[in-house]
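Peer 1:
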Amino acid sequence: MTEYIGIDVSKQSLELWDGTQEEEVPNERRLTTLKKLLKKRYGGEWNQQVRFIYEPTGPYSNYLRVFASENELKVHEVNPKKSANFAKVLGNRSKTDAIDAKMLSAFHALLAEEDFCIPAMDERAEQLGAYLGSYEIIQKTRTMLSNHVHALEEKSGVTRKLKDSLEKELGRLGTMEEQLEKEMGAVAEDHEETREALHNLLSMNGIGIISAMSLLYLFRKYPGAHRNEITALAGLDPGQRQSGSSLQGGRKISRAGDPLLRKVLSLACMNSIQHNECIQAFYKHLVSDNHKKPKVALVACMRKLLFIAHHLYVTTSKYRALHHDANLCLSS
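Numbering-wise (my numbering), the sequence shown opens with residue 35 and increments by one.
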């Protein structure tokens, strides 16, 4: 009999609920306490009998993912938006670790066996993800500080000492940003597979080092994803709001994916419209021939750029080796 265990993940502990019993174990490296508990309760074949359901909570769920991967245990990572809405459906008025664990355990009623899988751990992808996350924070901090420095130009009472201190910090952040770019490149160059994939992505006009790194991380993190899934992971999948005749909303992208990926894709796409013949022709076709708004055409070009990059990654080929005829460039 399959046991579905809902797990609420926090920094210090894991709250478990298997439908009958509630347990709390420390969220520690290798999760030895959790393993002992599962062996005691379910016997030697516990990893075949048990299914975990939990929300991926950033770094706090990493130990759990590694544990499941090493022990070949199938899990389902629930999108936090789905679990929050499911909790409302259940009528949960309170929110505690124990209540969330019970809610996640009950979530299994909406899942099929194929929705569970053993997490794939890619050390290179995890390293790239850590660098990209750090790069995003440094970049946001530098942008906010730069805006603040410019705002001080319009204010009175600002001393030279204050401006010098802030500008010095801006320079330090810029140096850190450049250093992170170099280190990310070194991580990818250090491994034959990631080195080839990085060079293939960079062979496409309009793709820079940060864009290539973001795409490489996406493709390695979700190796089996198809075109529609890749689009959704980037938050570029279309959504529509409509209800009777009172609400007739237009189609917009979901923005449910990685915001950093969308940002770098947008910048890469604007660069590609200037320097990449295929993307340039597609953009002009949408704006001039189909009379699409520039912003709509830009999103469509971002999708095309994403699909071409995914093709380069999957086929391990360089962009210049591909034959992009007029029909291919103008197809969606």
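Glycine is no exception: its CB is placed at the ideal position from the N, C-alpha and C atoms.
#1: Going by alpha carbons, who is nearest to residue 61 out of 97, 309, 206, 153?
#2: Under the three-state reduction of DSSP, which class applies to residue 258: helix, strand or coil?
#3: Taking residue 170 as the reference, which of 57, 222, 124, 218 has the closest Cα?
#4: I'd like to know whether the C-beta atoms of residue 262 and residue 352 end up nearer to each other than 8 Å.
#5: On the CB-based measure, 16 or more other CB atoms within 10 Å of its CB, does residue 357 come out buried or exposed?
#6: I need the straight-line Cα distance from residue 359 to residue 310, nearest angstrom please.
#7: Looking only at its own chain, which residues have a Cβ that is under 8 Å from the Cβ of residue 37, when we skip the five neighbours before and after it?
#8: DSSP three-state call for residue 86: helix, strand or coil?
#9: Just to confirm the assignment, what range does the alpha helix (DSSP H) spanning residue 347 have?
#10: Is it true that the region 317–330 meets the region 201–210, where meeting means three or more beta-carbon pairs spaced less than 8 Å apart?
#11: Is it buried or exposed for residue 49, if we count other Cβ within 10 angstroms and need 16 for buried?
#12: Please give the ranges of any alpha helix (DSSP H) in the region 128–153, keeping only runs that are unbroken, at least 4 residues long and fully inside the region.
#13: Who are the Cβ neighbours of residue 255 in its own chain at under 6 Å, not counting the five residues just before and after it?
#14: With which residues is residue 42 paired in a DSSP beta bridge?
#15: Could you give the DSSP three-state label for residue 57: helix, strand or coil?
#16: Note down, in chain order, each residue of its chain lying with its Cβ closer than 8 Å to the Cβ of residue 135, except the 5 sequence neighbours on either side.
#17: Is the region 240–253 touching the region 293–312, taking contact as three or more C-beta pairs under 8 Å?
Peer 2: On the basis of the coordinates in this document:
#1: 97
#2: coil
#3: 218
#4: no
#5: With a pLDDT of only 47 at residue 357, under 50, the local geometry of the prediction cannot be trusted, and the value read off the model is given with reservation. So residue 357 ends up on the exposed side.
#6: Residue confidence is low: residue 359 scores 48 on pLDDT, short of 50, so the model does not pin down where it sits. Its coordinate-derived value is still stated next. C-alpha separation (whole angstroms): 13 Å.
#7: 52, 53, 76, 83, 84, 85
#8: strand
#9: 328–349
#10: Under the 8 Å Cβ criterion, the region 317–330 does not count as touching the region 201–210, having fewer than three qualifying pairs.
#11: buried
#12: The qualifying runs are 131–140.
#13: 159
#14: Per DSSP, the beta bridge partners of residue 42 are 49.
#15: strand
#16: 40, 41, 42, 49, 50, 51, 56
#17: yes
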